[in-house]
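Working notes for the structure below.
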Amino acid sequence: MSTTEADRGIAVEIEQEFAAASDRVFAFWTEPEALARWFAPVGYTTVAAEADARPGGAWRLDFRSDDGRHAYTERGAFLELDPPHRIRLTLTQVDGGQSNPETVVTVEFDEVGTPDAPRTRMTFRQTGYADVERRDQIAEGWRGCFAKLERALGTNDSQQVSIDKR
Amino acid sequence: MTTDALSRTFQALADPTRRSILARLAEVGEASVAELAAPFDLTQRAISKHVGVLEEAGLVARSRDAQRRPSRLRVEPLTEVDRWLDGYRGIWDERFAALREELARDEIANHAEDATDEGKTP
Chain Z
1 MSTTEADRGI
11 AVEIEQEFAA
21 ASDRVFAFWT
31 EPEALARWFA
41 PVGYTTVAAE
51 ADARPGGAWR
61 LDFRSDDGRH
71 AYTERGAFLE
81 LDPPHRIRLT
91 LTQVDGGQSN
101 PETVVTVEFD
111 EVGTPDAPRT
121 RMTFRQTGYA
131 DVERRDQIAE
141 GWRGCFAKLE
151 RALGTNDSQQ
161 VSIDKR
Chain L
1 MTTDALSRTF
11 QALADPTRRS
21 ILARLAEVGE
31 ASVAELAAPF
41 DLTQRAISKH
51 VGVLEEAGLV
61 ARSRDAQRRP
71 SRLRVEPLTE
81 VDRWLDGYRG
91 IWDERFAALR
101 EELARDEIAN
111 HAEDATDEGK
121 TP
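So the sequences go chain by chain: Z and L.
Sequential numbering of the first sequence, starting at 1, is according to the UniProt record's numbering.
Sequential numbering of the second sequence, starting at 1, is according to the UniProt record's numbering.
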């Protein structure tokens, strides 16, 4: 993990709320059938899913574009599971035999609802991008993949670059 | 912004002391090297070197006139990093929208199951 720890200053952080109990939201991060239902990017379908949800256990999702022209994999390992509060895992994108550098995903789940109306606040954080950027060619590959997602600068107040004050 | 410029930004941000300097400048607006060095167990010379790296990466601008040459934060490279990260953020936003739908679908399925169970009760 040493290569990614150095870059923890740069992170994507997203906070979302879901109208479901935290154990149910948590399960969608650990069960292969559940992961397969939401993890594929728009325009892609999950064609195979594996997840061995215990510390050190591997996970893997194979995606195929709906036009059948592109297939790639995201895979990694579970680092920490504290159901239904917190999960940490590594995530690496593998495309055309090329492995991108490892990122680390940390997700925290907080119950914010009532027994009658369960609600979970999910806090997501992904680090390790700087490694990607240092490897220019690979970075360009990622850019290509995500080009369609690029948005105009400054349109969303929730978008921030975090700087650790350490 | 070119990949090279982004790499310089990432390299500048990879050091915790430099991130701390930037965080400080974001709070106080501007500060001299002596002022920036105060919270650290480092010489002014070492801090000056860090400020130099930040300046080269365009993350810090220093006044030419005043003798104390105060540094201030330049946000432009950070907004470029932000834009670059936006692609990653976008893919997760879409995923979480799908997750929301799937959780709702489960909720509906569970209720339908409950209703069926009730129907079976004599």
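All residues carry an ideal CB built from backbone N, CA and C; glycine is no exception.
Taking only the alpha-carbon atoms, compute the straight-line gap between residue i and residue j and give it to the nearest angstrom.
{"i": "Val94 of chain Z", "j": "Pro118 of chain Z", "result": "37 Å"}
{"i": "Glu31 of chain Z", "j": "Leu81 of chain Z", "result": "13 Å"}
{"i": "Phe39 of chain Z", "j": "Arg95 of chain L", "result": "6 Å"}
{"i": "Leu6 of chain L", "j": "Leu25 of chain L", "result": "21 Å"}
{"i": "Pro101 of chain Z", "j": "Thr92 of chain Z", "result": "6 Å"}
{"i": "Ala109 of chain L", "j": "His70 of chain Z", "result": "33 Å"}
{"i": "Ala77 of chain Z", "j": "Ser71 of chain L", "result": "43 Å"}
{"i": "Gln16 of chain Z", "j": "Tyr88 of chain L", "result": "16 Å"}
{"i": "Glu13 of chain Z", "j": "Gln44 of chain L", "result": "34 Å"}
{"i": "Arg24 of chain Z", "j": "Gly128 of chain Z", "result": "28 Å"}
{"i": "Gly57 of chain Z", "j": "Val107 of chain Z", "result": "17 Å"}
{"i": "Leu79 of chain L", "j": "Gly96 of chain Z", "result": "The question names Leu, but residue 79 of chain L is Thr in the sequence shown. Cα to Cα, Thr79 of chain L sits roughly 31 Å from Gly96 of chain Z."}
Taking Cβ positions only, does residue i come closer than 8 Å to chain Z?
{"i": "Val81 of chain L", "result": "yes"}
{"i": "Glu54 of chain L", "result": "Just to set this straight, residue 54 of chain L is Leu in the shown sequence, not Glu. No, Leu54 of chain L lies away from the interface with chain Z (no Cβ there is under 8 Å from its Cβ)."}
{"i": "Ala98 of chain L", "result": "yes"}
{"i": "Tyr88 of chain L", "result": "yes"}
{"i": "Glu94 of chain L", "result": "yes"}
{"i": "Glu107 of chain L", "result": "yes"}
{"i": "Leu25 of chain L", "result": "no"}
Taking its Cβ as the centre, do 16 or more other Cβ atoms sit within 10 Å of residue i, making it buried, or is it exposed?
{"i": "Gln67 of chain L", "result": "exposed"}
{"i": "Ala11 of chain Z", "result": "buried"}
{"i": "Pro41 of chain Z", "result": "buried"}
{"i": "His33 of chain Z", "result": "The sequence given here has Glu at residue 33 of chain Z, not His. Exposed is the call here."}
{"i": "Ser22 of chain Z", "result": "buried"}
Going by CA-CA distance only, name the one from the options that's closest to residue i.
{"i": "Val47 of chain Z", "options": "Z:Ser65, Z:Phe26, Z:Gln16 and Z:Glu13", "result": "Z:Ser65"}
{"i": "His85 of chain Z", "options": "Z:Glu111, Z:Gly128, Z:Ala49 and Z:Glu102", "result": "Z:Glu111"}
{"i": "Asp93 of chain L", "options": "Z:Gly76, Z:Leu61 and Z:Gln126", "result": "Z:Gln126"}
{"i": "Ala12 of chain L", "options": "L:Glu55, L:Ala37, L:Arg72 and L:Pro70", "result": "L:Glu55"}
{"i": "residue 168 of chain Z", "options": "Z:Glu74, Z:Ile87, Z:Asp62 and Z:Ala21", "result": "Nothing can be reported for residue 168 of chain Z, as the shown portion of chain Z is limited to 1 through 166."}
So with Cβ pairs under 8 Å, would you call residue i a contact of chain L?
{"i": "Glu133 of chain Z", "result": "Per-residue confidence for Glu133 of chain Z stands at a pLDDT of 49, beneath the threshold of 50, marking its modelled position as unreliable; the derived number appears in the next sentence. Yes - at least one Cβ of chain L is within 8 Å of the one on Glu133 of chain Z."}
{"i": "Trp59 of chain Z", "result": "no"}
{"i": "Arg88 of chain Z", "result": "no"}
{"i": "Ala20 of chain Z", "result": "yes"}
{"i": "Arg121 of chain Z", "result": "no"}
{"i": "Val42 of chain Z", "result": "yes"}
May I ask you to check if the CB of residue i is nearer than 7 Å to at least one heavy atom of the ligand FMN?
{"i": "Ala37 of chain L", "result": "With respect to small molecules bound, the structure shown includes none, and the ligand FMN cannot be examined in it."}
Note down, one range per segment and in chain order, each beta strand (DSSP E) of at least 3 residues found wholly within the UniProt domain "HTH arsR-type" (1–93) of chain L.
-> The UniProt domain "HTH arsR-type" (1–93) of chain L contains these whole beta strand (DSSP E) runs: 60–62 and 71–73.
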